[in-house]
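Using this note's numbering, read the sequence shown as starting at 46 and increasing by one per residue.
The beta carbon of each residue, even a glycine, is placed where N, CA and C say it ideally should be.
Shown next, in structure tokens, is the structure this report addresses.
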Amino acid sequence: MLTGCKRLLLTLLAALLVLPVLGCGKSPAGTVSQGHNQIYTIADDTGDYGFPSPFAHYSRGPGYIRMSMIFDTLLWKDANGYVPALAAKWSYLENENAYLFQLNDTATWHDGKKVTADDVLFTFDYLKKFPYQTTNISMIKAVEAADSHTVKITLSRLHAPFLDQVAGTIPILPKHIWQSITEPAQFREKEALIGSGPFKLVDYNKEQGSYLYEAYDGYYQGKPKFKQLKFIKMNAEMAAAALKQQQIDIAQIPSELVKPLEQAGLNILTMPHDWMAKLVINHQKEPFNHIEFRQALAYAIDRRALIDTTLRGQALPGNPGLIPPDSQWASPAAVEAYRYSPDDAAKLLTKLGYHKSGSYWEQNGQPLAVELLIGATARASGFPGERQGEFIKAQLEQFGIKVNLRALEGKTLDSRINEGKFELALNGHGGLGADPDYLSNIITGKSFNSARYHKNETLKALLEKQAALMDTAARKQLFAEIQTAFAADIPALALYYPTWYYAYSNRAKLYFTKQGIGSGAPIPLNKMSFVR
């Protein structure tokens, strides 16, 4: 436990950490100080996303982005699609079901050594022993080097999302550093942060949630625009003022600040609906292991009213089939499932043997009660928390299910979900703008954002089949069937897709990456925005 003196000391250190970036006074309109001109400052309200090595960063999108500033992938994406990264060129060899990558022969690691095909071969071999936390490489049959800068990756089966989820997501490792590392998640030496990306990390403060990077002037794609890149923790209210004072460059903002900040000369980006808030259901436990019980929960929650009441209407209602309703992959039939109907919910509970006694449903003389975990830490507007938890509690109790709310710190909540130590939980994640194969991960995967649902063999077979289809129209039909099957079993309930806004300065051209950064992070912080 921290003593009062230690808490005061940490607070003072936090203030000192921010002061050099924020400055001490108001800048004249349209100007920045000479020191600030060398630093691009990014504010968010969460801060720490882990040590930014490939194996130690936190698995959420912001953690990947902090790592991606240091490590490059074979190819990358910008606002329009795939662009070269460590691979200057690539092609698909249809007859062999293989991809050929021609590496950029000027790429170097931050210690000056050349990036070669050996590094790529080593990376994929290493990941067989120590899997990368968000990426499945089981479809890879062989990785071979034709010469020092040519790599061929042969697949054991057709895999439509390979470029998006593997070649464009996996950070390539320097063999000369990682070949002796047997505990990659615990490797925290300075060598763990030697990559081939545009920036090098010079300071990371876990307690303050700050990251300071400096430009790698030898970057093979061009010298970075800024000498330093800085991530700092700052709540939305402070960020709005700091944006106006030109003390920070970008922050997520609530909808009510869009017009005032536009009038102050800031640029505004509206995020695609690529992030989902959902009710996570522990379908391994009674009574949640009954499909009818989960369906009753879905009918008993008014998703539209939840948005209007707690988010000022700034979201799209959840699709019980998971895919955002404005996506080209969304199934209209799944989107319309479980319209708010307490009567339908009551019929399902009655079928399961419950009866209404006073205010609550009962079974075997026991009132029906559930525990709902929510995040206690203030996060970005639209991240489900206390307001959404209180709304769902009120709705379910009005229907007749007693709800015990329990608030946990965000990472603890993720951990409890990951370990199955919960009944119901409110949580959310991005990645919904990537190749729709992301459904494989969030339905049957192993991470905290997955329903881990394996009981429906038809659903599992459909997920495997779609990944092997290269034809978009045929895949779309399969995804309609996948959404319908998932909605029928409802092992988790999509509640809404928030409308998020970012305000930013003119100092860099920011954009939303097509299909998201890496495996789908819907955040306008593509590292190529900071490279000439």
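Taking residue 548 as the reference, give the member of 125, 152, 270 and 310 with the closest Cα.
310
Could you tell me whether any Cβ in chain D is nearer than 8 Å to the Cβ of residue 342?
The structure shown has no chain D; it contains just one protein chain.
Across the segment 125 to 135 and the segment 290 to 306, are there enough close Cβ pairs to call them in contact, namely three or more that are closer than 8 Å?
no
With C-beta atoms as the reference, is residue 417 less than 8 Å away from residue 450?
yes
In this structure, how does DSSP classify residue 72 when only helix, strand and coil are distinguished?
Note that residue 72 scores 37 on pLDDT, short of 50, meaning its location in the model is unreliable and no value can be drawn from it.
For residue 122, report the span of its beta strand (DSSP E) as first-last.
120 to 122
According to DSSP, residues forming a beta bridge with residue 192
195
Under the rule that 16 or more other beta-carbon atoms within 10 Å means buried, what is residue 468, buried or exposed?
buried
Beta-carbon separation of residue 87 and residue 232 under 8 Å?
no
Counting C-beta neighbours from all protein chains within 10 Å, is the total for residue 481 16 or more, i.e. buried, or is it exposed?
buried
Does the distance from the C-beta atom of residue 89 to that of residue 421 stay below 8 Å?
no
Do you know whose CA, among 529, 252 and 419, lies nearest residue 368's CA?
529
Residues near residue 355 in its chain [Cβ-Cβ closer than 6 Å; skip 5 each side]:
432, 433 and 436
Cβ contact check for the segment 212 to 226 and the segment 111 to 130: 3 or more pairs under 8 Å
yes
Unbroken alpha helix (DSSP H) run spanning residue 434, endpoints
431 to 444
So, helix, strand or coil for residue 336, using DSSP?
helix
Could you check if residue 520 is buried or exposed, using at least 16 other CB atoms within 10 Å of its CB as the buried criterion?
buried
Taking the C-alpha atoms as reference points, what is the distance between residue 360 and residue 531?
22 Å
Within the same chain, show all residues whose beta-carbon is closer than 7 Å to that of residue 56, passing over the 5 residues directly before and after it, in chain order.
Any reading at residue 56 is ruled out, since the residue's pLDDT is 36, under 50, leaving its predicted position unreliable.
What does a CB cutoff of less than 8 Å around residue 589 pick up in its chain, not counting 5 residues either side in sequence?
Nothing in the structure corresponds to residue 589, since the chain is present only between 46 and 577.
Is residue 599 near residue 390, with beta carbons less than 8 Å apart?
Look at the range of the chain in this structure, 46 to 577, and you will see that residue 599 is not part of it.
Measure how close the beta-carbons of residue 264 and residue 97 come, nearest whole angstrom, since I'm counting them as under 8 Å.
About 17 Å separates the two Cβ atoms, so there is no contact after all.
Use the C-beta contact count for residue 204: other C-beta atoms within 10 angstroms, 16 or more gives buried, fewer gives exposed.
buried
Contact between the segment 187 to 194 and the segment 159 to 167: three or more CB pairs below 8 Å?
yes
How many whole angstroms separate the CB atoms of residue 85 and residue 111, which I take to be in contact at a CB cut-off of 8 Å?
Actually they are not in contact, since the Cβ atoms of residue 85 and residue 111 sit about 14 Å apart, beyond 8 Å.
To the nearest angstrom, how far is it from the Cα of residue 239 to the Cα of residue 154?
7 Å
Could you check where the alpha helix (DSSP H) with residue 283 kicks off and where it finishes?
281 to 289
Is the beta carbon of residue 473 less than 8 Å from the beta carbon of residue 322?
yes
Is it buried or exposed for residue 79, if we count other Cβ within 10 angstroms and need 16 for buried?
Reliability of the predicted coordinates at residue 79 is poor, the pLDDT of 43 falling under 50, and the value obtained from them is presented with this limitation in mind. It is exposed - the Cβ of residue 79 has fewer than 16 other Cβ atoms within 10 Å.
Report the rounded CA-to-CA distance for residue 412 versus residue 453, giving the unit in angstroms.
25 Å
My output table needs one value for residue 143: the three-state DSSP class, helix, strand or coil.
strand
Would you kindly check if the distance between the Cβ of residue 536 and the Cβ of residue 498 is under 8 Å?
yes
Between the CA atoms of residue 279 and residue 286 - distance to the nearest angstrom:
11 Å
Report the rounded CA-to-CA distance for residue 455 versus residue 91, giving the unit in angstroms.
9 Å
How is residue 492 classed by DSSP in three states: helix, strand or coil?
coil
Checking 8 Å against the spacing of the C-beta atoms, do residue 538 and residue 326 come in under that value?
yes
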